[in-house]
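Numbering (the numbering used here), first residue to last: 5 to 231. For glycine and all other residues, C-beta sits at the position ideal for the given N, C-alpha and C.
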């Protein structure tokens with residue numbers, strides 16, 4: 005029975021009935037009372053502490069191994085399954101630990117100051133990724149919405165917030181009446197409209213020697229220019 009509280013209540017009920025049945029015999033049936041009392045005490049239906057622990061445990065399958073009642077084949081099958089699962093868990097854990105310790109590891113570290121360093125890795129990028137003055141009508145047609153300059157209808161977005169020179173520039177190049185768009189390449193657009201480090205760099209000196217934009221490599225991940 006899985007509900008041990010029900011077992012306890014059932015036992016108490018049977019005990020009460022047994023005591024009541026023996027009590028009806030009166031004083032003349034002393035032998036019967038003694039025999040009934042010994043029978044009730046011998047048939048103890050209380051589960052053991054270990055069975056209660058197994059029933060309340062969150063380990064899957066443990067309560068079926070130590071279920072209340074006589075030992076059956078079902079108990080043995082659950083015990084074999086639980087032991088096999090624990091063995092596989094221990095085997096996999098040991099294999100992972102062995103794999104972890106198979107790599108060399110350093111327990112101490114010494115810091116050594118180098119007398120000279122190679123040219124450092126420095127990333128230079130402009131806050132504005134594209135040069136506004138280099139935009140063409142074809143650029144605005146294909147990338148105007150991406151640049152937040154035009155809306156989905158290819159009209160100037162929020163003209164009341166734009167500066168007068170920006171509105172003047174867009175008024176001439178954002179007029180697409182009768183315009184036939186040309187093929188557009190985002191990579192070519194980035195290389196042509198992106199900022200040039202030669203125009204951005206004012207001065208460069210490293211370890212007493214002059215350096216220039218030629219000492220940097222230009223990369224453009226995600227269509228952005230980094231030097």
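- Residue 214 carries a strand assignment under DSSP once its states are collapsed to helix, strand and coil.
- In terms of Cα proximity to residue 178, the closest of 162, 169, 153, 191 is 153.
- With fewer than 16 other Cβ atoms from the protein chains shown falling within 10 Å of its own Cβ, residue 98 counts as exposed.
- Put simply, the backbone Cα of residue 156 is about 36 angstroms away from that of residue 221.
- Within its own chain, the residues whose Cβ lies closer than 8 angstroms to the Cβ of residue 159, once the five positions on either side in sequence are excluded, are 178, listed in chain order.
- Straight-line measurement puts the Cα of residue 197 at about 8 angstroms from the Cα of residue 136.
- Between the segment 180–193 and the segment 143–151, the count of Cβ pairs shorter than 8 angstroms is three or higher; the stretches touch.
- Residue pairing by DSSP places residue 65 in no beta bridge whatsoever.
- The beta-carbon distance between residue 193 and residue 147, rounded to whole angstroms, is 7 angstroms. This is short enough to meet the 8 angstroms contact definition.
- Here the alpha carbon of residue 108 sits roughly 55 angstroms from the alpha carbon of residue 139.
- Boundaries of the alpha helix (DSSP H) around residue 176: 168–177.
- Sixteen is the threshold: when 16 or more other Cβ atoms of the shown chains lie within 10 Å of the Cβ of residue 134, as they do, the residue is buried.
- Nearest C-alpha to residue 90 among 66, 166, 77: 66.
- For residue 145, the uninterrupted alpha helix (DSSP H) segment begins and ends at 141–147.
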